[in-house]
Amino acid sequence: MLTACGGGGSDGESQQPNNGTAPDAPLHGSHYPEPTQDVVSPSVLGFYDFNAQSESREVRNDLTGSLQAMVQFAQGHVVDPNGNEEKKMPRLTAEREALLLITPVQEMDQINALQVEVYQNERLLRRINLADPTQIPASDQSNRDGRAEVRYSKRAWSARLNWDEVRPGLKLRIIDSKNRSGDLLAEQIDFAAPGELVLNNIRIGLLTAPPHSTGHAMLLEPENSGTDYFQTIPAAHMTVAKYDDIQLDRVMVANGTIYDSQSAGEGGVYSGDMRENTAKSTFSVGINLANWG
Numbered sequence: 001m002l003t004a005c006g007g008g009g010s011d012g013e014s015q016q017p018n019n020g021t022a023p024d025a026p027l028h029g030s031h032y033p034e035p036t037q038d039v040v041s042p043s044v045l046g047f048y049d050f051n052a053q054s055e056s057r058e059v060r061n062d063l064t065g066s067l068q069a070m071v072q073f074a075q076g077h078v079v080d081p082n083g084n085e086e087k088k089m090p091r092l093t094a095e096r097e098a099l100l101l102i103t104p105v106q107e108m109d110q111i112n113a114l115q116v117e118v119y120q121n122e123r124l125l126r127r128i129n130l131a132d133p134t135q136i137p138a139s140d141q142s143n144r145d146g147r148a149e150v151r152y153s154k155r156a157w158s159a160r161l162n163w164d165e166v167r168p169g170l171k172l173r174i175i176d177s178k179n180r181s182g183d184l185l186a187e188q189i190d191f192a193a194p195g196e197l198v199l200n201n202i203r204i205g206l207l208t209a210p211p212h213s214t215g216h217a218m219l220l221e222p223e224n225s226g227t228d229y230f231q232t233i234p235a236a237h238m239t240v241a242k243y244d245d246i247q248l249d250r251v252m253v254a255n256g257t258i259y260d261s262q263s264a265g266e267g268g269v270y271s272g273d274m275r276e277n278t279a280k281s282t283f284s285v286g287i288n289l290a291n292w293g
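Just so we're aligned, residue 1 is where the sequence shown starts under UniProt numbering, counting upward by one.
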């Protein structure tokens with residue numbers, strides 16, 4: 001029969017003298033403390049946690065107050081609240097959803113919870129609980145080649161800001177579980193205008209059938225291709241339009257000549273009177289002017 005270490009005899013009493021002292025404390029509590037938060041696997045790499053020399057990146061402080069942390073915004077690019085142009089980076093695009101990234105400085109010690117208060121022109125819009133660093137959105141790598149998983153950061157807390165919150169007048173207040181707080185003031189955030197990109201696509205057959213190929217993803221799969229492309233540009237809106245194919249059996253060019261068989265000149269990808277006068281000046285410019293009103 002197996003008995004517990006330090007166990008007693010058959011009568012259930014301990015064989016060791018007590019001498020009036022309390023029994024030994026169980027091996028738990030401070031000896032095996034329970035974790036207070038999730039921990040990122042050591043095998044995961046934090047992309048922004050190191051600089052180009054593979055040294056731990058110094059975390060700057062962007063906040064005013066007792067809580068010190070770096071603030072970043074992720075859209076098509078991850079940008080700082082200000083000073084982006086000096087770094088050849090785009091500014092924060094107004095009226096576009098952004099992922100807020102908060103990285104506390106090392107002097108803040110362990111932080112168990114963070115909350116952000118979102119203000120617009122000093123009016124409180126809402127409070128958000130930030131996700132801890134283990135919950136940062138994953139990258140799109142497949143991890144099928146045996147290489148380590150890469151995340152943007154293993155130190156950044158995150159929360160999503162709605163598109164209508166990302167505009168001039170935005171102020172953020174970060175609060176931790178110890179009631180320390182730090183403010184990112186409205187005048188510290190440099191916004192770019194909410195630009196819009198419109199892509200019009202059409203296939204025109206000039207005295208021939210419209211061309212058909214699989215090499216134009218934005219034309220063939222506008223939903224998927226447009227969504228992917230939008231993630232790479234600093235714009236607030238993007239419209240991808242797909243017009244029906246059209247075939248012209250007769251074409252009139254700028255000098256009044258009407259073709260019904262072939263052009264008098266040599267046509268090419270970047271040359272030709274039908275390309276210049278009809279495809280560009282009539283269809284392309286015409287569609288743009290009609291959409292602009």
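We put the CB at the ideal spot given by N, CA and C, even for glycine. As the structure is a computational prediction, the values presented were derived from the model and not from experiment.
Residue i versus residue j: straight-line alpha-carbon distance, rounded
{"i": "Arg126", "j": "Asp62", "result": "21 Å"}
{"i": "Phe73", "j": "Asn84", "result": "11 Å"}
{"i": "Glu107", "j": "Leu67", "result": "10 Å"}
{"i": "Val79", "j": "Ser281", "result": "39 Å"}
{"i": "Glu117", "j": "Val240", "result": "35 Å"}
{"i": "Thr278", "j": "Gly293", "result": "20 Å"}
{"i": "Thr227", "j": "Glu221", "result": "10 Å"}
{"i": "Gln141", "j": "Gly272", "result": "44 Å"}
{"i": "Asn291", "j": "Glu196", "result": "13 Å"}
{"i": "Ala138", "j": "Arg151", "result": "6 Å"}
{"i": "Gly205", "j": "Leu248", "result": "6 Å"}
{"i": "Val166", "j": "Ser263", "result": "53 Å"}
{"i": "Gly6", "j": "Arg144", "result": "Because the pLDDT of Gly6 is 39, which lies under 50, any placement of that residue in the model is unreliable, and the number read from its coordinates should be weighed accordingly. Whole-angstrom Cα-Cα distance: 51 Å."}
{"i": "Gly286", "j": "Leu124", "result": "46 Å"}
{"i": "Leu100", "j": "Lys88", "result": "21 Å"}
{"i": "Gly146", "j": "Asn51", "result": "24 Å"}
{"i": "Asn255", "j": "Gly267", "result": "17 Å"}
{"i": "Arg250", "j": "Gly265", "result": "16 Å"}
{"i": "Thr214", "j": "Ile258", "result": "32 Å"}
{"i": "Gly38", "j": "Pro194", "result": "It should be pointed out that residue 38 corresponds to Asp in this sequence rather than to Gly. Looking at the two C-alpha atoms, the distance is approximately 37 Å."}
{"i": "Phe47", "j": "Glu86", "result": "22 Å"}
Residue closest to residue i, alpha-carbon to alpha-carbon, out of the options
{"i": "Asn288", "options": "Tyr229, Leu199, Phe230", "result": "Leu199"}
{"i": "Ala192", "options": "Asp109, Leu92, Gln72", "result": "Leu92"}
{"i": "Ser56", "options": "Gly65, Ser66, Leu45", "result": "Leu45"}
{"i": "Asp260", "options": "Thr208, Thr214, Asp228", "result": "Thr208"}
{"i": "Pro104", "options": "Thr239, Asp49, Ile202, Ser41", "result": "Asp49"}
{"i": "Arg180", "options": "Gly65, Val39, Gln53", "result": "Gly65"}
{"i": "Ile111", "options": "Gly205, Gln120, Asp132", "result": "Asp132"}
{"i": "Asp109", "options": "Leu124, Pro81, Arg155, Pro210", "result": "Arg155"}
{"i": "Thr232", "options": "Gly76, Lys178, Gly268, Phe47", "result": "Gly76"}
{"i": "Val269", "options": "Val40, Pro211, Pro194", "result": "Pro211"}
{"i": "Phe283", "options": "Ser54, Asn143, Gln53, Met252", "result": "Met252"}
{"i": "Tyr119", "options": "Asn143, Thr134, Leu161", "result": "Leu161"}
{"i": "Met70", "options": "Gly146, Ser153, Ile258", "result": "Ser153"}
Test item: CB-CB of residue i and residue j under 7 Å
{"i": "Ile128", "j": "Ala159", "result": "yes"}
{"i": "Asp183", "j": "Leu114", "result": "no"}
{"i": "Asp245", "j": "Arg275", "result": "no"}
{"i": "Met218", "j": "Phe230", "result": "no"}
{"i": "Glu97", "j": "Ala236", "result": "no"}
{"i": "Lys171", "j": "Asn201", "result": "no"}
{"i": "Ile174", "j": "Ile102", "result": "yes"}
{"i": "Asn224", "j": "Gly169", "result": "no"}
{"i": "Val234", "j": "Pro90", "result": "Sequence check: residue 234 is Pro here, not Val. In contact: Pro234 and Pro90 (Cβ atoms closer than 7 Å)."}
{"i": "Ser43", "j": "Ala148", "result": "yes"}
{"i": "Trp157", "j": "Leu130", "result": "yes"}
{"i": "Thr134", "j": "Val59", "result": "no"}
Residues bridged to residue i (per DSSP)
{"i": "Arg173", "result": "Glu117, Asp183"}
{"i": "Trp157", "result": "Ile102"}
{"i": "residue 306", "result": "Because the chain is modelled from 1 through 293, residue 306 falls outside the range shown and cannot be assessed."}
{"i": "Gly146", "result": "BP columns for Gly146 are empty, so no partner."}
{"i": "Thr93", "result": "Ala192"}
{"i": "Ala128", "result": "Reading off the sequence, residue 128 comes out as Ile, not Ala. Partner(s): Val116."}
{"i": "Leu45", "result": "Val150"}
{"i": "Arg123", "result": "Gln120"}
{"i": "Thr64", "result": "Asp183"}
{"i": "Val78", "result": "Ala74"}
{"i": "Ser56", "result": "Phe50"}
Q.
Which complete beta strand (DSSP E) runs does the UniProt domain "Peptidase M66" (196 to 293) hold, if anything under 3 residues is left out?
A. With a minimum length of 3 residues, the continuous beta strand (DSSP E) runs that stay inside the UniProt domain "Peptidase M66" (196 to 293) are 196 to 201, 204 to 206, 237 to 242, 246 to 248.
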